[in-house]
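To start, the structure itself, in structure tokens.
There are 2 protein chains.
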Amino acid sequence: MNYEEAKIKFVSTWGSLGSLWGINKAMAQIQALLFISIKPLSMEDIMAELQISRGNTSMNLRQLMDWGIVTKELIPGERKEYFTTEKDVQELTRIIAKERSRREIQPVIKVLNELSSIKDDGTDKTKELIKQTKALHDLTLNADTMINKLVNQKQNWITKSLIKLIK
Amino acid sequence: MNYEEAKIKFVSTWGSLGSLWGINKAMAQIQALLFISIKPLSMEDIMAELQISRGNTSMNLRQLMDWGIVTKELIPGERKEYFTTEKDVQELTRIIAKERSRREIQPVIKVLNELSSIKDDGTDKTKELIKQTKALHDLTLNADTMINKLVNQKQNWITKSLIKLIK
DNA sequence: ATAAACTTTCAATAATTATTGAAAGTTTAA
DNA sequence: TTAAACTTTCAATAATTATTGAAAGTTTAT
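Going down the list, the protein sequences come from chains A and B. Note that numbering that gives the first Met the number 0 gives residue 128 to position 129 of the first sequence, counting from 1, and the numbers run on in steps of one. Note that numbering that gives the first Met the number 0 gives residue 55 to position 56 of the second sequence, counting from 1, and the numbers run on in steps of one.
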């Protein structure tokens, strides 16, 4: 397999994977492209490589910046904006985990909290709803705590401990 | 908040959450409904509660059974089929983690392996692609190992150790 | 102040994904 | 074996989500 083939495969795989876990295809492909690029890319570069429109590129770059995965790079003397992505997979994992906690886990915790105000009327079905809501609440809180600890631990000692623990 | 309100909120929240991580809305809602039900439900029950068609209900129940989250329950004397879901959140987590590893992580590992056959032509861009592919490969393997260890450990000592470790 | 170089926005459209409902299929009881 | 009770399948349709492209917006150089 030569470079071009491998690049296309890498980018498209990352793209379809991304859409699987809630990031759209173009967004994931842009990130993939930047991830294996040895220099910052301009909007033109990205449009040309991925064969997508200017609007699409602009919007998805913005989203990637919102996630904190991609940053603008200003090259002196150049008018165009250039973009790079976080290159360290560990750091990338941390950023993604943090954002997903914020965007997905937090809202669930919020709703589960709201549900705790259900009035216990003594019926079995209400008891079951309360019980299961509570079980889910505990689980979600634990998961979130784990993610946050991981995320706030730059040195990543947890991962190391984990791997040792697990092997 | 009374029982009906809470039930609706629980089911619809679970539904939208589900769609966020790659399970469709109806599928997630059916699971949610079963999760808080004190007795097995028939297709009719589910259709009525969620206001969805017979076809939709049938297909999504099948998917839930494929995932191993929902099981058929035959009630003696009854012609209809009844359904229940795994009620223990820990066990539910294990099943979901396992399936997601199989469906999502394994295919990525496969592609990353294929990419390892790229020919190193000595250029910087090829070196970068190789390096980043390898980094991702290692990360993915580690993540998958963690998930599998978790999953094969019914007693769930890992979670307990983790929580201790993390606190 | 003007124009060139560039980016963003957003209504229209395309692509994808979910849902319906009725016909076909299956199982059970008599 | 027949018919009633039930489930599955799948082509048609609806709903959602992504993408385009051109107009509007912004920045920089002169």
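Note that beta-carbon positions come from the ideal geometry of N, C-alpha and C, so glycine has one too.
Per-residue DSSP class, three states only, for residue i
| i | result |
| --- | --- |
| B:Gln28 | helix |
| A:Ile165 | Its pLDDT being 48, under 50, A:Ile165 is placed unreliably in this model, and the value from its coordinates should be taken loosely. Three-state DSSP puts A:Ile165 in a helix. |
| B:Met0 | coil |
| B:Lys21 | Before going further, note that residue 21 of chain B is Gly rather than Lys in the sequence given. In this structure, B:Gly21 counts as coil in the three-state DSSP scheme. |
| B:Ile74 | coil |
| B:Ile7 | helix |
| B:Ser52 | coil |
| B:Ile94 | helix |
| A:Ile45 | helix |
| A:Ile35 | coil |
| A:Ser15 | helix |
Beta-ladder partner(s) of residue i, from DSSP
| i | result |
| --- | --- |
| B:Leu40 | B:Phe82 |
| B:Val69 | B:Thr84 |
C-beta contact flag for residue i and residue j at 7 Å
| i | j | result |
| --- | --- | --- |
| A:Val69 | B:Thr12 | no |
| A:Gln30 | A:Leu63 | yes |
| B:Pro39 | B:Thr92 | no |
| B:Ala5 | A:Leu128 | yes |
| A:Ile146 | A:Ser100 | yes |
| A:Leu32 | A:Glu48 | yes |
| A:Ala25 | A:Asn1 | no |
| A:Tyr81 | A:Ser18 | no |
| B:Ile37 | A:Lys118 | no |
| B:Ile108 | B:Thr132 | no |
| B:Gly67 | B:Ile104 | no |
Interface partners of residue i on chain B, CB under 8 Å
| i | result |
| --- | --- |
| A:Gly21 | Leu19, Trp20 and Gly21 |
Chain B residues whose Cβ lies nearer than 9 Å to that of residue i
| i | result |
| --- | --- |
| A:Gln131 | Phe9, Phe34, Ile35, Lys86 and Val88 |
| A:Ser65 | For clarity, residue 65 of chain A is Asp in the given sequence; the question names Ser instead. Result: empty, since nearest Cβ-Cβ is about 17 Å, beyond 9 Å. |
| A:Asp120 | Asn1 and Tyr2 |
| A:Thr92 | Leu138 and Ala142 |
| A:Thr56 | Near A:Thr56 there are no residues of chain B at all, since even the closest Cβ is about 21 Å away, more than 9 Å. |
Chain-ordered neighbours of residue i on chain A, where CB pairs are closer than 8 Å
| i | result |
| --- | --- |
| B:Ser116 | Met0 |
| B:Glu103 | Leu16, Leu19 and Trp20 |
| B:Glu127 | Ile35, Ser36 and Ile37 |
| B:Leu135 | Val88 |
Proximal chain A residues relative to residue i, where beta-carbon distance stays under 9 Å
| i | result |
| --- | --- |
| B:Asp123 | Ile37 |
| B:Asp175 | With chain B covering 0 to 166 only, the question about residue 175 of chain B has no answer from this structure. |
Neighbouring residues, chain B, relative to residue i (Cβ below 7 Å)
| i | result |
| --- | --- |
| A:Thr70 | Within chain B, no residue comes near A:Thr70; the closest Cβ sits about 17 Å away, beyond 7 Å. |
| A:Lys6 | Leu128 |
| A:Thr83 | What A:Thr83 touches in chain B: nothing, since even the nearest Cβ is about 12 Å away. |
Checklist entry - Unbroken beta strand (DSSP E) runs of length 3 or more, entirely within the stretch 96 to 158 of chain B: which are they? => result Counting only runs of 3 or more, we get nothing.
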